[in-house]
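J.: Residue 991 is where the sequence shown starts when you use our numbering, and the numbers rise one by one after that. By construction, the Cβ of each residue, glycine as well, lies at the ideal position given by its N, Cα and C atoms.
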Amino acid sequence: MDLVRLVCSTALGLRKAHQLRVRLPLASLTIAHPEAGSLAPFTGLIAEEVNVKAVELADDPASLGRFELAVNPRLLGPRIGGQVQQVIRAVKAGEWTRSGDDIVAAGVRLEPGEYEVKLAAADPDSTSALPGQAGLIALDLRVTPELAAEGTARDVVRVVQQARRDAGLAVSDRIRLTIGADGAVADAVQAHAGFVAAETLAVDLAVRPSAEVAGDPQPVADATVSVALARVPTLS
């Protein structure tokens, strides 16, 4: 679960860095970590928390990037003397080996503190290192029209849920719902009408032009929506 939390927090940070709101679904999240296999039972949870359609697991961090070695000459020099320049040249050329905790460059075994190993992402824009430099995660940042429409529908659900609370409705109250929206927002609600109705407990849902629905316009996806709802009386 610690690794699950690290993955989710890192992925959410990556979303925030690209100003991709959490309600906007993304296609996939790839996790490259030596213990990625242990996350298999939790991929559904991760997908829900990060709001992605699929979670892919890989046990080799190098599938998303590469390990880079940096030496500390101030600590290494006093121990190996003139060989330090050979080590630095070998490291810069990528001519070093790693076996567990043993790192060798130019025939010199480096001691802890004399070096630092970092994971460098192959695509830094969409990839981020997990804390501890043990693995990488990558988000598919492409927002297709279909994903954008689903995200807009989720934003509309948020507006309706707030309208329900403002109206003092009980959590279980059924409603008749009219949404005032235009353009892409109206299209998104119509395309995901079943989802919107199910999430808001609407027994019927109508989409009308904004000008035809009274109410305070609320911001949604660079546009606005208006909500009108009425509680459906329960049969006694």
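#1: If residue 1167 sits next to residue 1149, beta carbons under 8 Å apart, how far is it from one beta carbon to the other, in whole angstroms?
#2: Count the other CB atoms, across all protein chains shown, that sit within 10 Å of the CB of residue 1091; report buried if there are 16 or more and exposed otherwise.
#3: Under 6 Å Cβ to Cβ from residue 1106, same chain only, skipping five residues before and after it: list those, please.
#4: Kindly provide the ranges of any beta strand (DSSP E) runs that are 3 or more residues long and lie completely inside the stretch 1113 to 1189, ordered along the chain.
#5: Using 8 Å as the threshold, is the C-beta distance between residue 1066 and residue 1020 below it?
#6: Would you call the CB atoms of residue 1169 and residue 1215 closer than 8 Å?
#7: The beta strand (DSSP E) with residue 1089 in it runs from where to where?
#8: CA-CA distance, residue 1005 and residue 1070?
#9: With respect to the beta strand (DSSP E) encompassing residue 1092, which residues constitute its N-terminal and C-terminal limits?
#10: The ligand GTP and residue 1095: does the residue's C-beta get closer than 7 Å to at least one heavy atom of that ligand?
#11: Indicate whether the contact test is met: 3 or more Cβ pairs, each with one atom in the stretch 1119 to 1131 and one in the stretch 1016 to 1033, closer than 8 Å.
#12: Quick test of your reading: residue 1139 and residue 1178, contact by CB under 8 Å. State the CB separation rounded to the nearest angstrom.
#13: Thinking C-alpha only, which one of 1032, 993, 1050, 1175 is nearest residue 1044?
#14: Decide if residue 1193 is buried, meaning its Cβ has at least 16 other Cβ atoms within 10 Å, or exposed.
#15: Which term fits residue 1182, buried or exposed, when burial requires 16 or more other beta carbons within 10 angstroms of its beta carbon?
#16: Of all the options 1116, 1213, 1221, which has the alpha carbon lying nearest to the alpha carbon of residue 1296?
#17: For a quick check, are the C-beta atoms of residue 1089 and residue 1003 less than 8 Å apart?
#18: Per DSSP, which one or two residues make a beta bridge with residue 1214?
#19: Apart from the five residues just before and just after residue 1131, which ones in its own chain have a Cβ nearer than 8 Å to its Cβ?
#20: For the beta strand (DSSP E) containing residue 1055, name the first residue and the last one.
#21: Consult DSSP for residue 997 and reduce its assignment to one of helix, strand or coil.
#22: Taking Cβ positions, are residue 1026 and residue 1049 nearer each other than 8 Å?
T.: Walking through what the data contain:
#1: The distance from the Cβ of residue 1167 to that of residue 1149 is about 11 Å, inconsistent with a contact at the 8 Å cut-off.
#2: Exposed, by the Cβ-count rule.
#3: Within the same chain, and ignoring the five residues on either side of residue 1106 in sequence, the residues whose Cβ sits closer than 6 Å to its Cβ are 1060.
#4: 1117 to 1119, 1126 to 1129, 1165 to 1170, all fully within the stretch 1113 to 1189.
#5: No. Outside cutoff.
#6: Going by beta carbons, residue 1169 and residue 1215 fall inside the 8 Å limit.
#7: Per DSSP, the unbroken beta strand (DSSP E) holding residue 1089 starts and ends at 1086 to 1089.
#8: Between the alpha carbons of residue 1005 and residue 1070 lies a distance of about 45 Å.
#9: Here the beta strand (DSSP E) through residue 1092 covers 1092 to 1095.
#10: Although the ligand GTP was asked about, the structure shown includes no ligands whatsoever.
#11: In short, these stretches touch, since the Cβ pair count reaches three.
#12: Rounded to the nearest angstrom, the Cβ distance from residue 1139 to residue 1178 is 4 Å, consistent with a contact under 8 Å.
#13: If we check each option's Cα against that of residue 1044, 1032 comes out closest.
#14: By the neighbour-count rule (16 or more Cβ atoms within 10 Å), residue 1193 is not buried but exposed.
#15: Under the 10 Å beta carbon count, residue 1182 is surrounded by 16 or more other beta carbons and is classified as buried.
#16: As displayed, the chain neither begins before 991 nor continues past 1226, which places residue 1296 out of reach and without an answer.
#17: Contact flag unset, no.
#18: Beta-bridge pairing links residue 1214 to 1209.
#19: Around residue 1131: 1008, 1010, 1016, 1115, 1116.
#20: 1055 to 1061 is the extent of the beta strand (DSSP E) around residue 1055.
#21: Residue state, collapsed to three classes: helix.
#22: It is a contact, given that the beta carbons lie within the stated cut-off.
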